[in-house]
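Take the sequence shown: its position 244, counted from the start at 1, is 244 in UniProt numbering, and no numbers get skipped. The block underneath contains the structure these notes are about, expressed in structure tokens.
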Amino acid sequence: MSKIRWGVLSTAKIARNHVIPAIQSSSLGEVVAIASRREEQAHAEAAKLGIAKAYGSYEQLLADPDIDAIYNPLPNHLHVPWSIKAMEAGKHVLVEKPVGLDSADAEKLLQAAREHAHLKVMEAFMYRFHPQWQKARELCADIGPIRTIQCEFAYNNREADNIRNSAAMGGGALMDIGCYGISLARFLLDAEPLRVVSHMNLLGYEVDAISQALMVFEQGSASFNCSTKTEGGQWVEAVGENGSLRIHVPFNPIGDTETRLTLKQNGATQAITIGPANHYRAMADHFCDAILHNKPVPTTLEDALANMRVLDAIVASAKEQCWKTL
1 MSKIRWGVLS TAKIARNHVI PAIQSSSLGE VVAIASRREE QAHAEAAKLG
51 IAKAYGSYEQ LLADPDIDAI YNPLPNHLHV PWSIKAMEAG KHVLVEKPVG
101 LDSADAEKLL QAAREHAHLK VMEAFMYRFH PQWQKARELC ADIGPIRTIQ
151 CEFAYNNREA DNIRNSAAMG GGALMDIGCY GISLARFLLD AEPLRVVSHM
201 NLLGYEVDAI SQALMVFEQG SASFNCSTKT EGGQWVEAVG ENGSLRIHVP
251 FNPIGDTETR LTLKQNGATQ AITIGPANHY RAMADHFCDA ILHNKPVPTT
301 LEDALANMRV LDAIVASAKE QCWKTL
């Protein structure tokens with residue numbers, strides 16, 4: 001094979017707007033099928049996106065022998081069960097973040113992946129594949145040791161019936177975007193937190209609308225604020241003993257455009273421009289490369305499970321109003 005043939009479970013917005021176009025423009029993949037529980041929806045989106053096959057059920061798509069890999073952007077509570085079904089059908093799986101509802105859910109996926117060791121399975125934390133994050137990690141080594149990391153990530157979800165407001169579907173600000181604050185801290189520090197403390201505000205919803213957390217690592221601390229009910233915005237700042245680094249659009253920069261970092265060191269401020277990139281495309285190509293050449297996936301399920309364990313501790317801290325040790 002020169003290209004991996006992808007099937008997409010559902011017509012989710014992130015698939016339609018970002019991941020499918022990225023795979024279609026990638027070097028190593030092509031989207032050959034899409035499925036929806038409403039057959040007319042599947043055909044409509046397939047026509048818009050130039051996808052050859054459309055299925056009226058997820059089971060039909062998984063049964064297609066011409067599909068090598070599945071992209072799973074279903075609601076959070078369906079990540080693990082349908083990813084396992086995909087593996088049982090002999091498909092490689094790229095599953096949206098967060099990988100499951102909690103660490104116990106993630107454990108099930110990891111166990112299934114170990115039982116299907118010939119298949120590649122990866123969590124779709126796309127931001128790590130943007131070159132600005134590779135540069136950020138390099139610069140953090142220069143300005144370190146890093147002592148504090150701060151993160152802001154917010155948007156305003158005005159749709160009362162949106163799945164992100166459903167507890168049963170694994171909604172909430174922490175699950176949707178707070179997981180980035182956990183992941184990036186672990187990524188930049190290359191370590192796991194020792195303890196956490198947090199606060200959640202539901203604002204009358206079933207799930208958290210605004211959450212804050214503080215994570216203590218051996219070398220310093222990392223904090224984040226995430227919200228689905230305030231003015232949108234995002235930034236990350238890492239401060240070390242020898243300088244600071246600000247990432248202005250850390251998680252969803254516009255594809256194929258430049259991004260910018262600001263480095264402060266020795267009394268001087270330097271703007272660093274990162275060339276045009278599409279992290280969804282880079283993620284897809286890295287995953288396809290792992291399949292084609294039987295290499296380890298760049299982000300392991302063990303890493304995904306570690307992120308979920310921190311998320312669990314943050315949830316427990318908010319509920320019990322105390323520090324939680326990991």
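Ideal Cβ positions, reconstructed from N, Cα and C, are used throughout, including at glycine.
Straight-line Cα distance separating residue j from residue i
{"i": "arginine 114", "j": "alanine 86", "result": "14 Å"}
{"i": "cysteine 140", "j": "leucine 188", "result": "7 Å"}
{"i": "lysine 135", "j": "serine 317", "result": "33 Å"}
{"i": "isoleucine 67", "j": "serine 244", "result": "46 Å"}
{"i": "threonine 325", "j": "serine 103", "result": "15 Å"}
{"i": "glycine 232", "j": "glutamate 258", "result": "20 Å"}
{"i": "methionine 200", "j": "glycine 181", "result": "15 Å"}
{"i": "valine 310", "j": "serine 183", "result": "9 Å"}
{"i": "valine 216", "j": "aspartate 64", "result": "47 Å"}
{"i": "valine 196", "j": "cysteine 288", "result": "36 Å"}
{"i": "isoleucine 84", "j": "alanine 167", "result": "22 Å"}
{"i": "glycine 90", "j": "tryptophan 235", "result": "40 Å"}
{"i": "leucine 301", "j": "alanine 154", "result": "26 Å"}
{"i": "valine 249", "j": "alanine 238", "result": "14 Å"}
{"i": "tyrosine 58", "j": "lysine 319", "result": "36 Å"}
{"i": "arginine 38", "j": "asparagine 157", "result": "25 Å"}
{"i": "lysine 53", "j": "glutamate 159", "result": "31 Å"}
{"i": "isoleucine 51", "j": "histidine 118", "result": "27 Å"}
{"i": "tryptophan 82", "j": "serine 198", "result": "31 Å"}
{"i": "residue 373", "j": "asparagine 294", "result": "Since the displayed the chain opens at 1 and closes at 326, residue 373 lies outside it and no answer follows."}
{"i": "leucine 74", "j": "glutamine 321", "result": "32 Å"}
{"i": "tyrosine 127", "j": "methionine 175", "result": "16 Å"}
Contacting residues, own chain, Cβ-Cβ under 8 Å from residue i (five flanking each side not counted)
{"i": "proline 145", "result": "Gln219, Gly220, Gly240, Glu241"}
{"i": "leucine 305", "result": "Val99, Ser103, Ala106, Glu107, Leu110"}
{"i": "leucine 203", "result": "Ala209, Ile210, Lys229"}
{"i": "alanine 185", "result": "Ile149, Cys151, Pro193, Met215, Phe217, Ala222, Phe224"}
{"i": "glycine 275", "result": "Pro131, Glu258"}
{"i": "arginine 147", "result": "Gln219, Gly220, Ser221, Val239, Gly240, Glu241"}
{"i": "glutamate 45", "result": "Thr11, Arg16, Ile34, Ser36, Ile51, Ala54"}
Cβ shell of residue i (< 7 Å), same chain only, five flanking positions each side left out
{"i": "lysine 3", "result": "Leu28, Gly29, Glu30"}
{"i": "alanine 173", "result": "Asp208, Ala209, Ile210, Ser211, Cys226, Ser227, Thr228"}
{"i": "glutamine 265", "result": "Ile143, Asn242, Gly243"}
{"i": "phenylalanine 125", "result": "Lys97, Ser183, Thr299"}
{"i": "serine 25", "result": "Arg281"}
{"i": "alanine 112", "result": "Ile84, Met87"}
C-beta contact flag for residue i and residue j at 7 Å
{"i": "cysteine 226", "j": "isoleucine 177", "result": "yes"}
{"i": "alanine 42", "j": "tyrosine 55", "result": "yes"}
{"i": "phenylalanine 251", "j": "cysteine 151", "result": "no"}
{"i": "valine 93", "j": "valine 121", "result": "yes"}
{"i": "leucine 171", "j": "arginine 164", "result": "One point to set straight first is that residue 171 is glycine, not leucine, in the sequence displayed. Going by C-beta atoms, glycine 171 is nearer than 7 Å to arginine 164."}
{"i": "valine 19", "j": "tyrosine 205", "result": "no"}
{"i": "phenylalanine 129", "j": "alanine 282", "result": "yes"}
{"i": "isoleucine 314", "j": "alanine 213", "result": "yes"}
Supposed contact pair residue j and residue i - C-beta distance, whole angstroms, cut 8 Å
{"i": "residue 328", "j": "alanine 35", "result": "Nothing about residue 328 can be read from this structure; the chain reaches only from 1 to 326."}
{"i": "isoleucine 14", "j": "glutamate 88", "result": "Not confirmed; about 24 Å, so no contact."}
{"i": "asparagine 72", "j": "leucine 9", "result": "5 Å"}
{"i": "threonine 299", "j": "glutamate 123", "result": "6 Å"}
Own chain partners of residue i with C-beta closer than 6 Å, once the 5 adjacent residues on each side are dropped
{"i": "glycine 7", "result": "Ala33, Leu61, Ile67, Ile70"}
{"i": "isoleucine 23", "result": "Trp6, Gly29, Val31, Ala284"}
{"i": "glutamine 270", "result": "Leu263"}
{"i": "isoleucine 291", "result": "Ile4, His92, Lys120"}
{"i": "aspartate 312", "result": "Asp102, Ser103"}
{"i": "proline 253", "result": "Thr259"}
{"i": "glycine 255", "result": "Asn278"}
{"i": "proline 296", "result": "none"}
{"i": "tryptophan 323", "result": "Arg195, Val197"}
{"i": "histidine 116", "result": "Met87"}
Please specify which runs of the beta strand (DSSP E), each continuous and at least 3 residues long, are wholly inside the UniProt domain "GFO/IDH/MocA-like oxidoreductase" (133 to 246), giving them in chain order.
With a minimum length of 3 residues, the continuous beta strand (DSSP E) runs that stay inside the UniProt domain "GFO/IDH/MocA-like oxidoreductase" (133 to 246) are 146 to 156, 195 to 201, 210 to 216, 221 to 227, 229 to 240.
So within the segment 62 to 140, which uninterrupted beta strand (DSSP E) runs reach at least 3 residues, ignoring any that extend past its ends?
69 to 72, 92 to 96, 121 to 124
Which residue spans inside the segment 12 to 68 form an unbroken beta strand (DSSP E) run of at least 3?
Segments of the beta strand (DSSP E) lying fully in the segment 12 to 68: 29 to 35, 53 to 55.
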